[in-house]
Amino acid sequence: MSYPLPIQRLTDEVSAAPQMDASQVTEVAAAGFKSIINNRPDFEFEDDQPTNASIEAEALKAGLAYRFLPVDGGYQSPEEAAQLADLLLELPKPILLFCRSGTRSTRLFMMAVQNLRERG
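1 is the number of the first residue of the sequence shown in this note's numbering; add one for each residue after it.
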């Protein structure tokens with residue numbers, strides 16, 4: 001069953017959302033997003049959690065760029081922030097990040113922004 005995906009705008013080009021399922025990819029595309037980054041490891045807590053592969057398949061069908069950058073809910077490393085920073089430079093915008101609640105994606109994004117500032 002699909003439900004409206006609550007999307008939190010972080011900047012003009014990046015937003016975060018909680019866990020999405022494959023049926024919501026068309027909603028994301030219709031909202032104007034060009035890329036999705038999945039920050040949630042498969043089968044993190046729930047057995048019925050949608051898999052990365054199922055969401056990626058729908059994203060590609062919808063013409064969206066898609067990347068899988070799974071990070072732990074309790075700790076996001078500087079290396080993961082650097083990887084996200086690279087993706088923010090590479091992927092078409094606007095970009096939607098998602099995880100279980102949207103919180104770790106938001107934290108990782110803030111770290112990635114700092115990483116980009118430090119790069120100059």
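For every residue, glycine included, the Cβ atom is placed at its ideal position computed from N, Cα and C.
{"Query": "Look at the alpha carbon of Asp47 and the alpha carbon of Asp86, and state the distance between them as a whole number of angstroms.", "Result": "31 Å"}
{"Query": "Where do the ends of the alpha helix (DSSP H) carrying Val71 lie?", "Result": "Neither: Val71 is in no alpha helix (DSSP H) and is coded neither H nor E."}
{"Query": "State the beta-bridge partners of Ile36 as determined by DSSP.", "Result": "Tyr66, Leu96"}
{"Query": "My assumption, with CB atoms under 8 Å, is that Val71 sits in contact with Asn39. Please give the rounded CB distance.", "Result": "5 Å"}
{"Query": "With C-beta atoms as the reference, is Met20 less than 9 Å away from Val14?", "Result": "no"}
{"Query": "Check whether the Cβ atoms of Ile7 and Leu88 lie closer than 9 Å to each other.", "Result": "no"}
{"Query": "Of the residues Pro78, Ala22, Leu5, which one's Cα is nearest the Cα of Ile55?", "Result": "Ala22"}
{"Query": "Quick check on the burial criterion: 16 or more other C-beta atoms within 10 angstroms. Buried or exposed for Met1?", "Result": "Since pLDDT at Met1 reaches only 42, below the 50 mark, its modelled position is unreliable, and the value read off the structure follows with that caveat. Classification for Met1: exposed."}
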